[in-house]
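Taking it in order: structure first as structure tokens, then the write-up.
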Amino acid sequence: MSRIKIIFILIISLMFTSCWNYRELDQISTAAGVAFDFDENKNKYILTTEIVTITNYGQGQSLILPEYFNEEGDTIFDAVRNLVSKTGKKVFWSHAKVVFINKKLAKKSILPILDWIERDAEVRPDMKIVFVNSERARDIFNTTNNLQKIVSFHVYDILESSKNISKYPNINLWQIINEIQSDSAATILPVAYIVKENGRNIIKLSGCALFKNEKLVGFLDDHHTKNLLFIKNLVKGGIIPIKNALSTGTDISFEIYSSKTKITPIIDDKLKFNIDISIDVSLAENSGEFDFIKEENLIKLKDFAEKYIAQDIENTLTKIQDYDVDIVNFGKLVKIKNPSYWKKNKDNWDELFKYVSYSINVKLNIFGTATTNKIIKVGK
Amino acid sequence: MFRFLKREKSQKISVDIVENIKLLKTIFLNDETIIFRTYQYNKNNFLLIYSDGMVKLDYINNILESILNIKSNEKITIHSLINSLPSAHIQISEDFDEVIGSILTGYAVILIDGEDKALLIKAKESNARNVEEPPSESIIRGPREGFTESLLINLSLIRRRIPHKDLKFLFKTIGRYTKTQICIAYINSIASEKIVNEVINRLDNIDIDGIMDSGYISELICDHPFCPFQTIGSTERPDVACGKLLEGRIVILVDGSPFVLTLPYLFIESFQSCEDYYVNFIFASFNRILRLLGFILTTFIPSLYISLVNFHQELLPTPLVLSITAARNGVPFPTVVEAFGMIFLFEILREAGTRLPKPIGQAVSIVGALIIGDAAVTARFVSAPMVIITALTGITEFLIPQLTWAVIIYRFLILFLSSFFGLYGMFFGILIMFIRLLSLKSFGVPYTLHTISLNPQDIKDTSIRGPWWAMKYRPIILGAKNIIRSRSQKTKEKIELE
Amino acid sequence: MKETISVRQSIFTMIMFIIGSSVIITSGVDAKGDLWIAVIIALIAALAITWVYSKILSIKPDKDFVDILELIFGKFFGRLLAFLFVFFAFHLGSLVLRNFGEFIKTIGLPETPNSILMLLCILLAILSVKSGIEIIGRGCELFLLILLFLVLLTIPFSIPEMDINNLRPMLYEGILPVLKGAFATFSFPFAETIVFLFILPSTNKSQYFKVYYTSLIFAAVVLILLALRNVLILGPETSIRNYFSSYTAVSRINIANFLQRIESIIAISFLIFTFAKINICLYASSKGLSKILGFDDYRFLVTPVGLLMFNFSIIVYENIMQMVEWATKIWPYYSLPFEVFLPLFIYFYFITFKRKKLSN
């Protein structure tokens, strides 16, 4: 009997406590994304959050629309919590997909944002960070499209489609944290542009922003970004266009199916990196008079294209070297290959990196020509 | 054959028949179904007593006829009567109480003047129900016979299936007023003596006024009367009972109840159906797994829903969060209240449906489906996902009818805990359930025996049903005496007893 | 009737105990990316010391640990020594209980007071310990394989997120951090199995060393796999920065945007693993205490000991920072006397002074 009494007392005492972590789904406001700006005059963070609202109409129909709130605070988390004074309900971050940042913040430091996302148990570290090439990051929410009303989800979709185009990086926040923590301390973020088209603002993702030690140092355009992704072994698809191939006046497009990159450092008195890239492609376009599908032409084209791509990638590497950001994380490779060398030269790696040389080998495996085996002949 | 509950003094039958009649008349005062007939034949006074309605009158007439046909001038004694009566079931008693008991259970009793013994002749009218298909355990493939209320018919159903000398039936009479006959059946060469003795011991300790159904016995001798998990099985099917006997279990049959008890009863038996053994083993195993899944779903689904929706929203995919939010918009009650209410309502509907005759039962389900399912959602009293959860809980509950009671209790417990601590509370509840399950015993046998083992010989009849040629051994604790069940070439390997 | 568990069950129980809180809380973070080497070194050391443990128990295989101590050191000193071990088990139990509370508070239920969760956990532990060692053994047998399956299932799922370069270069900072990590891993969780001196006499066969080495090796393999997974996913820096690196590592699994957010598997397995560890500590301390005080049955002591454990676990740390500080910095040295010095002392005292006497 005494056991029953104890159980009863326990149940009653549980009943009288408030339900600590209990929260109803309709009592929280789900954030889809957030834009951070930095106001230098006030020295405050300005946060704009996109909240998903659901309106029911009719029988079982509901409409999902975004709602935006601005708020400022002395720290990131202060700004985040201040939102409650406008939303009424506590903002729920676990389903937020994208963080947008503007130039000022990027130049100051992205660490506060990384820290907030990583430390807070509610915010998930597989969010994406996108650099917005605009005065204010929150301008991104002023765009319209009918594909996906929630801008953050739309950007997320664009990012996820990166595997078909490879012109902007799609990396998770925790990968960025890892990169910033690593010895070379550099990372890239995709860049979003707000483009006017048909009288409305739309978003376009293109290229990447380079970060060194949590600060923005420069940009790469979409072409260079693709080459960078080749080196970083992140290319999963996309197109390699070659205009006027072999001076025949015919344009060629290769569709990338997979790509694999292997970098081996050679440490002599001078640092050198062997970059072997092997790309599986198919000839997806042959727009011109010249028939590259013919065996002997194809071999020529292959040789040409390999050199062309290698040259292209080398240009990109030179550009990166100019910025002096070891974005490919060559440092780590040196560290693995020769730890003692790395220990000696760790501190002047920036200097060393400027003068490393590369030898780039591209191997193109053309395994198909899409659905046709002949070009279109213009009948005369 | 009757061993009544021990009384302090048992009265002997008197030599004087008049005294006997007087005594009997006072005992059966005001009971007009008891028929007394005194006969005088060849200077012998004898008395025939029987209870009207309990005996078959043809028998009585036969007996009388043969008595009257005795052509002897000598004094008839009990022993001479035995030899001349055309009944196989005759016995002699000196005990007055036994005589009374016999009269009341359908015997014709003959008392002879000058003898202090009575002759008990079985003349029972067996007006039992025919052997029919049991409604509680209907199957598609398998024998269509079911136990009836008559103990003897039930015994014959078992005996016919196992005509072996080692099958033993042990009778007992329980109930001060009802004097119900019960029978302990077991196979001597398989069942463990320890368990048989334990059962007999527990049955001997019962002191109750009456037994109406085997459910009484079940509750009186089970190990954990407070526990919602049943530790004694019951079945209405002779094939199931025989299967259990062959596994070394003990079967208790109770007169007047078509449900026989099987024990020891293990947790895993709740998931077994007799049909599993008659159909293809792959299909049977699939059904087993479905039932296990049903148990898991029906116990945990509501609390899982509560945990995910109210505590760990981050674990749900974003589109699901949005659609649940849309469904919950405007619903006045908290999800927990919704859950408790809906599940409780479902139990009400279930109970209402079972007790009612079939045509009204349908009305109940219409009310349930229409009012609860549709109208309440349209009126935004409850959210649509909650209805789905309740329906899922309810349907899966029917997969394991043996466990319904336990499942309901633990479902509410786990739901309660998870409404405070989310997933963590849910797993606390599951731990409570498992600690309880693991500490249960059925007649000295661990309740979860074989359920948790991964030994291939143990698993063959738990979550899957192994093919018959693979089920070589009986469960070790139950049938340790005679472990080999089926013989194939491979069976010759040594059996390791732990 | 003496309760017994089978050898298999005691192996399973010990594996549960060793993996216990290590599923979540990584010990030996000094070793960074070379943690798996540290685990192997710690395993070798642990095998050596557990050989001593099993030798102590083998002095009188049918007797309890406390009885053996009494045989060697006499009634008073034997019980005094036994009391030290009981205190160790008790202390360990309350630390694990606190870990449990802090984990759930940090990860899942930030607004729920963790004392409530710990109270619930200890009440459950009291319930199951009162049901006896058989129940604990069978429970471990039931849960271990299911949980291990779930925990190890995360490894193939996380292969896409892994980067082999996180492991390289091996031994970049020299062998010293690895040895430090090995030392930490040795004291937590391997040598904590000293608590099993109270439990193993309940095994139905006295193959103590078999139990020890089987479960140590098995558990070490699991720990190595988990350490590798964490480092490969998180990289050495992040994996030492997080309080609960396993949880963080698994939260990164995302297969085709479908199989994601499965870190609750880790949380739940932690809950059950830790629960088993608390059970074992509670059983050991109340069993030992009842022996010291001269009672036959330990069951009536379970509730007071359990509630004391609960109280102790609340006052033992002020916050999670202290907890981690204690677990990584102080615990290895604090536990050393209980895990190494005292057992060695007992065994060598026995072979030098008492062996002949007792064999007569």
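Protein chains in written order, with our numbering: chain X, 1 to 380; chain D, 1001 to 1498; chain G, 2001 to 2360. C-beta atoms are modelled at their ideal positions from N, C-alpha and C, and glycine is treated no differently.
**OP:** Express the C-alpha separation of X/Asp280 and G/Thr2328 in angstroms, rounding to a whole number.
**Re:** Taking the third sequence and counting its residues from 1, one reaches residue 2328 of chain G at position 328. Taking the first sequence and counting its residues from 1, one reaches residue 280 of chain X at position 280. If you take the alpha carbons of G/Thr2328 and X/Asp280, they lie about 49 Å apart.
Original post:
Between D/Glu1493 and the rest of its own chain, which residues show a CB-CB distance below 8 Å, the 5 nearest in sequence each way excluded?
Top reply: Your numbering for residue 1493 of chain D matches position 493 in the second sequence. With a pLDDT of 45 at D/Glu1493, under the threshold of 50, the modelled position of that residue is not reliable, and the figure given next carries that caveat. No residues qualify anywhere along the chain.
Original post:
How would you write the range of the beta strand (DSSP E) that D/Ala1108 sits in, first residue to last?
Top reply: As a position in the second sequence, residue 1108 of chain D is number 108, starting the count at 1. 1107 to 1112 is the extent of the beta strand (DSSP E) around D/Ala1108.
Original post:
What distance in whole Å lies between the Cβ atoms of D/Ile1184 and D/Ile1217, which are believed to be in contact at a cut-off of 8 Å?
Top reply: If you number the second sequence from 1, residue 1217 of chain D lands on position 217. If you number the second sequence from 1, residue 1184 of chain D lands on position 184. Their Cβ separation, rounded to whole angstroms, is 10 Å, which puts D/Ile1217 and D/Ile1184 out of contact at 8 Å.
**OP:** With DSSP as the reference, label X/Cys208 as helix, strand or coil.
**Re:** Translated into positions along the first sequence, residue 208 of chain X becomes position 208. Three-state result, X/Cys208: strand.
**OP:** Answer yes or no: does any C-beta atom of chain X fall closer than 8 Å to that of G/Pro2201?
**Re:** Indexing the third sequence from 1 puts residue 2201 of chain G at position 201. By this cut-off, G/Pro2201 is not an interface position.
Subject >> Whether X/Lys270 touches X/Ser359 by CB criterion (8 Å) >> reply: Numbered from 1 along the first sequence, position 270 holds the residue referred to as residue 270 of chain X. Numbered from 1 along the first sequence, position 359 holds the residue referred to as residue 359 of chain X. In this structure, X/Ser359 does not lie closer than 8 Å to X/Lys270 by Cβ.
Subject >> Where X/Gln175 falls, given that 16 or more other Cβ within 10 Å makes a residue buried >> reply: Stepping through the first sequence from its first residue, residue 175 of chain X is reached at position 175. It is buried - the Cβ of X/Gln175 has at least 16 other Cβ atoms within 10 Å.
**OP:** Indicate whether G/Phe2017 and G/Ile2280 have their beta-carbon atoms separated by less than 8 Å.
**Re:** Residue mapping note: residue 2017 of chain G aligns to position 17 of the third sequence, counting from 1. Residue mapping note: residue 2280 of chain G aligns to position 280 of the third sequence, counting from 1. For G/Phe2017 and G/Ile2280, yes; Cβs fall inside 8 Å.
**OP:** Drop a sphere of 10 angstroms on the beta-carbon of X/Thr30, count the other beta-carbons inside from all chains shown, and report buried for 16 or more, exposed for fewer.
**Re:** To locate residue 30 of chain X, count along the first sequence from 1; it is residue 30. By the neighbour-count rule (16 or more Cβ atoms within 10 Å), X/Thr30 is buried.
**OP:** Would you mind giving the Cβ-Cβ distance between D/Phe1147 and D/Pro1264, rounded to the nearest angstrom? I have them listed as a contact below 8 Å.
**Re:** Here residue 1147 of chain D corresponds to residue number 147 of the second sequence, with the count starting at 1. Here residue 1264 of chain D corresponds to residue number 264 of the second sequence, with the count starting at 1. D/Phe1147 to D/Pro1264, Cβ: 20 Å. No contact.
**OP:** Using a Cβ-Cβ cut-off of 8 Å, state whether D/Ser1419 counts as contacting chain X.
**Re:** As a first step, residue 1419 of chain D is located in the second sequence; it is residue number 419 there, counting from the start. Yes, because at least one Cβ of chain X sits closer than 8 Å to the Cβ of D/Ser1419.
Original post:
Which value, in whole angstroms, describes the spacing of the CA atoms of D/Phe1004 and D/Asp1207?
Top reply: Counting from one through the second sequence, the residue named residue 1004 of chain D turns up at place 4. Counting from one through the second sequence, the residue named residue 1207 of chain D turns up at place 207. In this predicted model, D/Phe1004 has a pLDDT of only 46, less than 50, meaning its place in the structure is not dependable; the value taken from the coordinates is given anyway. D/Phe1004 and D/Asp1207: Cα-Cα distance of roughly 11 Å.
Subject >> Buried or exposed by the 16-neighbour rule on C-beta atoms within 10 Å, applied to X/Gln311 >> reply: Numbered from 1 along the first sequence, position 311 holds the residue referred to as residue 311 of chain X. Exposed.
Subject >> Coil, strand or helix - D/Glu1493 by DSSP >> reply: Mapped onto the second sequence, residue 1493 of chain D falls at position 493. Any reading at D/Glu1493 must be qualified, since the residue scores a pLDDT of 45, below 50, and its modelled position is unreliable; no value is offered.
**OP:** Taking G/Thr2050 as the query, report the chain X residues whose CB atoms sit under 7 Å from its CB, ordered along the chain.
**Re:** The count along the third sequence starts at 1 and reaches residue 2050 of chain G at position 50. Result: empty, since nearest Cβ-Cβ is about 35 Å, beyond 7 Å.
Original post:
In its own chain, which residues sit with a C-beta less than 6 Å from the C-beta of X/Leu111, not counting the 5 before and 5 after it?
Top reply: Reading the first sequence from its first residue, position 111 is the one you call residue 111 of chain X. The answer, listed in chain order, is Glu214.
Subject >> Cβ-based contacts, 8 Å cut-off: residues of the segment 1435 to 1446 of chain D near chain G >> reply: Ile1435, Leu1438, Ser1439, Pro1446
Original post:
So, is G/Ala2031 buried or exposed, given that buried needs 16 or more other C-beta atoms within 10 angstroms?
Top reply: By one-based count along the third sequence, residue 2031 of chain G stands at place 31. Looking at its Cβ environment, which holds 16 or more other Cβ atoms inside 10 Å, G/Ala2031 is buried.
Subject >> 9 Å Cβ cut-off: residues of chain X touching D/Phe1311 >> reply: Working through the second sequence from its first residue, we reach residue 1311 of chain D at position 311. Those within 9 Å of D/Phe1311 in chain X are Asn21, Tyr22, Arg23.
Subject >> Beta-carbon contacts of D/Val1382 that lie in its chain and below 7 Å, excluding the five residues immediately before and after >> reply: Position 382 of the second sequence, counted from the start, is the residue given in the question as residue 1382 of chain D. Here the set comprises Val1331, Glu1338, Met1342, Ala1376.
**OP:** Could you check which residue in X/His95, X/Ser166, X/Ser134 has the C-alpha nearest to that of X/Ile150?
**Re:** Taking the first residue of the first sequence as 1, we reach residue 150 of chain X at position 150. Here the closest residue by C-alpha is X/His95.
Subject >> chain X contact for D/Val1321 (CB, 8 Å cutoff) >> reply: Numbered from 1 along the second sequence, position 321 holds the residue referred to as residue 1321 of chain D. Yes, D/Val1321 lies at the interface with chain X (some Cβ there is under 8 Å from its Cβ).
Original post:
Beta-carbon separation of D/Ala1241 and D/Ile1158 under 8 Å?
Top reply: Position 241 of the second sequence, counted from the first residue, corresponds to residue 1241 of chain D. Position 158 of the second sequence, counted from the first residue, corresponds to residue 1158 of chain D. The answer is yes: Cβ separation under 8 Å.
Original post:
Which runs of the beta strand (DSSP E), 3 residues or longer, sit entirely within the segment 1250 to 1298 of chain D?
Top reply: 1250 to 1254, 1260 to 1263
Original post:
When Cβ atoms are compared, which residues of the segment 82 to 109 of chain X fall closer than 9 Å to chain D?
Top reply: Phe92, Trp93, Ser94, His95, Lys97
Original post:
What number of angstroms, rounded off, separates the C-alpha of X/Leu364 from the C-alpha of G/Ile2040?
Top reply: Residue mapping note: residue 364 of chain X aligns to position 364 of the first sequence, counting from 1. Residue mapping note: residue 2040 of chain G aligns to position 40 of the third sequence, counting from 1. Between X/Leu364 and G/Ile2040, the C-alpha separation is close to 44 Å.
Original post:
Given 8 Å as the limit, is there contact between the segment 2205 to 2212 of chain G and the segment 2049 to 2059 of chain G, that is, 3 or more CB pairs closer than that?
Top reply: yes
Original post:
Going along chain X in order, which residues have a C-beta closer than 7 Å to the C-beta of D/Gly1425?
Top reply: Working through the second sequence from its first residue, we reach residue 1425 of chain D at position 425. Chain X residues near D/Gly1425: none, gap ~10 Å exceeds 7 Å.
Subject >> Helix, strand or coil at G/Gly2020 according to DSSP, with G and I counted as helix >> reply: On the third sequence, position 20 is the one that residue 2020 of chain G refers to. Residue state, collapsed to three classes: helix.
Original post:
Which residue's Cα is closest to the Cα of G/Ser2269: G/Ser2094, G/Ser2022, G/Leu2081, G/Glu2173?
Top reply: Against the third sequence, residue 2269 of chain G aligns to sequence position 269. Of G/Ser2094, G/Ser2022, G/Leu2081, G/Glu2173, the residue nearest in Cα terms is G/Ser2022.
Original post:
Does the distance from the C-beta atom of G/Gly2078 to that of G/Leu2084 stay below 8 Å?
Top reply: The residue labelled residue 2078 of chain G in the question sits at position 78 within the third sequence. The residue labelled residue 2084 of chain G in the question sits at position 84 within the third sequence. The answer is no: Cβ separation not under 8 Å.
Subject >> Residue of G/Gly2294, G/Arg2299, G/Ser2313, G/Thr2352 minimising C-alpha distance to G/Ser2128 >> reply: Along the third sequence, one-based indexing puts residue 2128 of chain G at 128. Of the listed residues, the one whose Cα sits closest to G/Ser2128 is G/Arg2299.
**OP:** For X/Ile252, count neighbouring Cβ atoms within 10 angstroms of its own Cβ and tell me buried if that reaches 16, exposed if not.
**Re:** By one-based count along the first sequence, residue 252 of chain X stands at place 252. Label assigned to X/Ile252: buried.
Original post:
For D/Ile981 versus D/Thr1393, is the C-beta distance shorter than 8 Å?
Top reply: Residue numbering for chain D in the displayed model covers 1001 to 1498; residue 981 of chain D lies beyond these limits and cannot be assessed.
Original post:
Can you tell me whether X/Ile6 is buried or exposed, with buried defined as 16 or more other CB within 10 angstroms of its CB?
Top reply: Along the first sequence, read from residue 1 onward, the residue named residue 6 of chain X stands at position 6. So X/Ile6 ends up on the exposed side.
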